[in-house]
Each structure stands twice: as structure tokens, then as C-alpha cells.
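Student:
Residue numbers (our numbering), protein chains in the order written: chain A, 1 to 161; chain B, 162 to 279; chain C, 280 to 373.
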């Protein structure tokens with residue numbers, strides 16, 4: 001094992017340290033030290049290396065997620081405020097078969113799905129790779145499966161190939 | 162002269178809009194936490210506070226201190242990023258815990274059962 | 280009404296909103312009915328307290344309270360995850 005097992009993690013932690021404490025030579029030395037230790041610690045924790053490809057695809061995914069979060073924020077806020085008047089809203093669980101198997105891609109999908117208001121990742125069935133999703137405003141089950149499968153899954157598959 | 166008067170008028174108005182949006186969304190999220198009927202519905206309410214609720218307030222803070230100090234102040238962005246990454250983890254574990262407990266007591270919602278047991 | 284005055288009022292009202300949100304979340308934490316509801320309430324309380332720190336710092340024009348917000352955010356995440364893990368398995372560290 002080399003001196004710097006995870007250079008990206010170390011550099012990110014060092015930058016973070018500098019941003020939070022201030023830019024000076026002393027803090028840089030301390031930051032680099034903390035970054036190296038963090039890299040070793042990350043190496044102990046993580047089982048597989050993250051391979052990211054296609055930065056353009058990552059930007060597209062980030063933009064798509066940002067738009068979806070804004071839109072569903074509005075939807076959920078409106079639904080909460082009108083909940084007493086309209087009792088037609090029905091929430092429920094949806095099971096979606098996933099083709100993704102990469103653990104890091106699944107973790108990213110979990111973050112996307114859960115940080116979007118209105119959908120919550122509940123469980124992933126390890127036997128048949130089915131995702132159990134709770135949807136706040138369930139109009140059509142297939143619609144949600146379609147959203148996940150077409151909007152996020154192909155991009156994630158490309159990024160974490 | 163307070164620090165608020167040192168801000169350019171247009172920047173002050175933009176900050177006010179962001180902070181108002183953020184705090185109102187946080188309030189709606191907390192309201193949802195009280196009003197909604199069952200646990201799985203309530204699980205969605207805090208995401209309002211942690212996505213654009215926190216985002217609006219933190220962006221306002223970034224703009225305010227960047228303009229006042231006339232240099233880019235970024236720690237807030239880190240805090241926002243941290244919220245974006247950590248909240249799903251808590252909510253996911255909470256959702257799984259709730260389902261686990263409901264299953265253990267034999268009163269899990271019907272549509273959560275695995276296909277093989279339906 | 281000058282923009283600075285509007286901003287001052289918005290910051291004050293935002294503090295009121297966040298404190299109300301904190302009270303609502305604590306009501307959920309007290310009322311339950313089940314343990315997972317209480318943990319969700321506590322998590323929201325942490326988020327509201329953190330945002331309240333940021334807004335208070337903006338009102339006073341200092342950046343010092345930001346560190347407090349950072350600590351609240353980190354502790355809130357660790358605490359909630361630990362409690363949720365406990366509900367899931369009955370033990371925190373496996």
C-alpha cells in the first residue's frame with residue numbers, strides 16, 4: 001500500500017479543511033496531514049474503489065436532480081397545506097425492479113430519491129433487486145417506476161460503469 | 162449604520178427572498194410533521210426543510226457575507242452539501258427501522274410485502 | 280421602506296418561523312405515538328436549530344455562530360442515525 005491510498009479523498013479533505021479554517025501555511029500543513037489520515041481511514045472503510053466516468057453526464061444528472069427537487073418541493077408543500085380540504089391524495093408503496101447493481105450507484109440513487117421531497121427509499125430487496133419506494137402522492141404506480149427507470153437509472157449506469 | 166444597510170439594495174432584496182423562501186418551507190415541513198396521518202407520510206415532511214428550506218437560508222447567508230466581506234464565503238455551501246448527503250441516510254435508516262418494527266409486529270402495510278409472499 | 284429594513288424584518292420573521300417549526304417538531308417528538316415518530320421529530324428539531332443559528336448570525340452580522348450551526352448539524356446527523364440504527368437492530372455498533 002502506498003503512502004497516499006486515496007488521493008482524491010485526501011485532496012478533498014485538505015480543501016475542506018482550508019475552507020473551514022482559513023488560508024495560511026500552518027493550516028495547509030495541518031490540512032494535508034488530516035487529509036492523509038482521512039485517506040487511510042477511508043481505505044479501511046470502503047470495500048471497492050469508486051470509478052467515476054463521464055463528468056458531462058454527472059453534470060446532467062445534477063441539473064436534472066436540482067430541477068426535480070425544486071418542482072417536488074412545490075408539489076409537496078402545496079399538498080401539505082391543502083391536506084384537509086382534499087382527501088383524494090393517496091400515498092403508498094411502489095416496488096420497482098432495478099437493473100443497477102453497483103453499490104455506489106445504488107447509494108447515489110438512494111440519496112437522489114430520498115432528498116427529493118415526495119419519494120422516500122425504504123428498502124432494497126437483496127434477493128431480486130427490487131426497490132421499495134414510498135410515494136407521498138401516488139397517482140400511478142407505473143408512472144413512478146417509469147420516472148426512476150428512465151430519468152435516473154440510465155445516467156447512473158453510464159457514470160458508474 | 163448597521164451591517165444590513167451596507168448591502169446594496171438589490172442584493173438585500175434577493176437575500177430577503179431566499180431567506181423568506183427557506184424559512185417558510187421549513188415551517189411547512191414542520192407543519193406537515195404534525196398534520197400528516199401516518200409515519201410513512203410524515204417521513205416526507207423533513208425533506209422540505211432539508212432541501213430548499215436549508216438551501217434558501219444558506220444561499221442567503223453566502224450572499225450576505227460574501228457581499229459584506231467582498232470575498233466569496235463558502236463554508237455554508239459545505240454545510241448545505243452535508244445536509245443534502247446526510248438527511249437521506251437518516252431518513253432511509255428510519256424508514257427501514259419503521260418497516261422492520263411494523264413487520265415484527267405483523268402489521269406492515271400490505272403493499273410492502275415481498276412478491277413471493279403475496 | 281428601504282431594502283435594508285425589509286431584510287431586517289424578513290430575518291426577524293424568519294426567526295419566528297424557525298422557532299415555530301422547532302416547537303411543532305418538538306410536539307411530534309413528545310406526542311409520538313411510536314419511537315420512529317419521536318426520532319423524526321428530533322431530527323427536524325436539529326435541522327431547525329441549525330438554521331436558526333445561521334439566521335441569527337445573519338441578523339447580528341457575525342460569522343461566529345456558523346460554527347455552532349456546523350456542530351449542531353454534525354451532531355444531529357450522528358445522533359439521529361444512531362437512534363434509527365438502534366430501532367432497526369436493537370444495538371448501535373455491530
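Ideal Cβ positions, reconstructed from N, Cα and C, are used throughout, including at glycine.
What did DSSP end up calling residue 276(B) once you bin it into helix, strand or coil?
Tutor: The residue you call residue 276(B) lines up with position 115 of the second chain. Low confidence applies to residue 276(B): its pLDDT is 49, below 50, so where it sits in the model is not reliable enough to give any reading.
Student: When Cβ atoms are compared, which residues of the stretch 256-271 of chain B fall closer than 8 Å to chain A?
Tutor: The residues in question are 256, 257, 260 and 270.
Student: I want to verify the contact list: residues of chain B whose CB lies under 8 Å from the CB of residue 285(C), in sequence order.
Tutor: For the purposes of this step, residue 285(C) is taken as residue 6 along the third chain, with counting starting at 1. Per Cβ cutoff of 8 Å: 173, 174 and 177.
Student: Consult DSSP for residue 223(B) and reduce its assignment to one of helix, strand or coil.
Tutor: In the second chain, residue 223(B) corresponds to position 62, counting from 1. Helix at residue 223(B).
Student: Per DSSP, which one or two residues make a beta bridge with residue 97(A)?
Tutor: The sequence position of residue 97(A) within the first chain is 97, counting from 1. 130(A), per the DSSP bridge assignment.
Student: Please list, in chain order, the residues of the stretch 200-232 of chain B that have any C-beta partner in chain A closer than 8 Å.
Tutor: Hits within the stretch, in order: 201, 202, 204, 205, 206, 208, 209, 211, 212 and 213.
Student: What first and last residue would you give for the beta strand (DSSP E) that runs through residue 119(A)?
Tutor: Start at 1 with the first residue of the first chain, and residue 119(A) comes out as number 119. Segment 119-125, the beta strand (DSSP E) holding residue 119(A).
Student: Helix, strand or coil, according to DSSP, for residue 318(C) in the structure here?
Tutor: Numbered from its first residue, the third chain carries residue 318(C) at position 39. Reduced to three states, the DSSP call for residue 318(C) is helix.
Student: Residues in its own chain within less than 8 Å of residue 39(A) by CB, not counting five upstream and five downstream?
Tutor: Within the first chain, the letter at position 39 stands for residue 39(A). Counting only Cβ-Cβ distances below 8 Å, and skipping sequence neighbours, we find 4, 5, 6, 7, 9, 10 and 13.
Student: Any idea if residue 193(B) is buried or exposed, counting beta-carbon neighbours within 10 angstroms, 16 or more meaning buried?
Tutor: Here residue 193(B) is taken as the residue at index 32 of the second chain, counted from 1. Per the 10 Å Cβ criterion, buried.
Student: Excluding the 5 residues preceding and the 5 following residue 306(C) in the sequence, name in chain order all residues of the same chain whose CB lies nearer than 8 Å to its CB.
Tutor: Along the third chain, read from residue 1 onward, the residue named residue 306(C) stands at position 27. Excluding sequence neighbours, residue 306(C) sits near 320.
Student: So, does the CB of residue 254(B) fall closer than 8 Å to a CB anywhere in chain A?
Tutor: Residue mapping note: residue 254(B) aligns to position 93 of the second chain, counting from 1. Closer than 8 Å: no.
Student: In terms of residue numbering, what span does the alpha helix (DSSP H) encompassing residue 253(B) cover?
Tutor: Counting from 1 along the second chain, the entry for residue 253(B) is found at position 92. Looking at the DSSP string, the run of the alpha helix (DSSP H) that includes residue 253(B) is 236-265.
Student: Can you name the start and end residues of the alpha helix (DSSP H) that residue 75(A) belongs to?
Tutor: As a working note, residue 75(A) is residue 75 in the first chain. First-last of the alpha helix (DSSP H) with residue 75(A): 55-81.
Student: Can the beta-carbon of residue 244(B) be found less than 8 Å from the beta-carbon of residue 215(B)?
Tutor: Taking the first residue of the second chain as position 1, residue 244(B) is located at position 83. Taking the first residue of the second chain as position 1, residue 215(B) is located at position 54. Going by C-beta atoms, residue 244(B) is nearer than 8 Å to residue 215(B).
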